[in-house]
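Positions 14 to 175 (the working numbering) are the ones given, in order, by the sequence shown. Don't be surprised by glycine CBs; every beta carbon is placed ideally from N, CA and C. One structure below.
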Amino acid sequence: MSAARQGELTIVGKAKDLVNHTLTVTNNSKLFPKKVRFTICQRMQNISLQILHDILAANEIYPDNRQKMEQRLDLQKEVLTNCKVFLSLLDIALEQGYVDIRRCEYWTGLTTDVKNMAASWRKKDAERFNRLLAEKKAQAQGQPPRGQQPPPRQGGPQYPRR
Numbered sequence: 014m015s016a017a018r019q020g021e022l023t024i025v026g027k028a029k030d031l032v033n034h035t036l037t038v039t040n041n042s043k044l045f046p047k048k049v050r051f052t053i054c055q056r057m058q059n060i061s062l063q064i065l066h067d068i069l070a071a072n073e074i075y076p077d078n079r080q081k082m083e084q085r086l087d088l089q090k091e092v093l094t095n096c097k098v099f100l101s102l103l104d105i106a107l108e109q110g111y112v113d114i115r116r117c118e119y120w121t122g123l124t125t126d127v128k129n130m131a132a133s134w135r136k137k138d139a140e141r142f143n144r145l146l147a148e149k150k151a152q153a154q155g156q157p158p159r160g161q162q163p164p165p166r167q168g169g170p171q172y173p174r175r
């Protein structure tokens, strides 16, 4: 399981690693008895798949308007929420004795990698979106975008300012 797949976002690779590990471990009847197969196991599998789904869906949105920006940020927030829920289910599996501490630490590491990457991605997107909105607002008010000179005045000769 390698997250460094050619031409793929790192977070997508990490999420796939989480899904693969989750499916492998939760399908092991030596670890998870049948009585929890349709409660904890199925929930963990579904949440890990949902995390991957939301990452892919967010990445497919080109945020060229406010609605798309908000939709992308909402999907990224869902990834973060599902990572927290998944970590809680891992704690329950550890407390119930279905997984040992070593296995739980590895699994937690996979989950927190995805969570931290998603948080960073969301933060950068939010900053970028806020900057773009500020630029659009400035343009609507007739101000030049940040970092650009105002257009030259009309009429008369243009002399450089001293």
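Within 10 Å of its beta-carbon, does residue i have 16 or more other beta-carbons around it, so buried, or fewer, so exposed?
i: asparagine 146; result: It is worth fixing the name first, because residue 146 is leucine in this sequence and not asparagine. It is exposed - the Cβ of leucine 146 has fewer than 16 other Cβ atoms within 10 Å.
i: valine 89; result: Position check: residue 89 holds glutamine in this sequence, whereas valine was assumed. When all chains shown are included, glutamine 89 counts as buried.
i: alanine 16; result: Low confidence applies to alanine 16: its pLDDT is 42, below 50, so where it sits in the model is not reliable, and the reading given next is rough at best. That one is buried.
i: phenylalanine 51; result: exposed
i: isoleucine 64; result: buried
i: methionine 14; result: Model confidence at methionine 14 stands at a pLDDT of 46, short of 50, so the residue's coordinates are unreliable; what they give is reported in the following sentence. So methionine 14 counts as exposed.
i: aspartate 113; result: exposed
i: lysine 128; result: buried
i: tyrosine 111; result: buried
i: alanine 141; result: Looking at the sequence provided, one finds arginine at residue 141 rather than alanine. Exposed, by the Cβ-count rule.
i: asparagine 27; result: It is lysine, not asparagine, that sits at residue 27 in the sequence shown. Buried: at least 16 other Cβ atoms inside 10 Å.
i: threonine 124; result: buried
My guess is that residue i and residue j are in contact by the Cβ rule of under 8 Å, so how many angstroms apart are they, rounded?
i: phenylalanine 45; j: threonine 37; result: Phenylalanine 45 to threonine 37, Cβ: 11 Å. No contact.
i: phenylalanine 99; j: isoleucine 53; result: Phenylalanine 99 to isoleucine 53, Cβ: 11 Å. No contact.
i: isoleucine 68; j: valine 25; result: 6 Å
i: leucine 102; j: threonine 121; result: About 11 Å separates the two Cβ atoms, so there is no contact after all.
Closest by CA to residue i, which one among the options?
i: aspartate 138; options: Leu22, Thr121, Leu86 and Lys47; result: Leu86
i: histidine 34; options: Met130, Gln109 and Glu118; result: Glu118
i: leucine 62; options: Trp134, Lys29, Ser133 and Pro76; result: Lys29
i: lysine 48; options: His66, Ala106, Leu31 and Asn72; result: Ala106
i: methionine 57; options: Lys97, Glu148, Lys150 and Met130; result: Lys97
i: asparagine 143; options: Leu22, Asn41 and Pro76; result: Pro76
> Can you list the alpha helix (DSSP H) stretches of 4 or more residues lying completely in the region 43 to 128, in chain order?
Replying inline: 55 to 73 and 79 to 108
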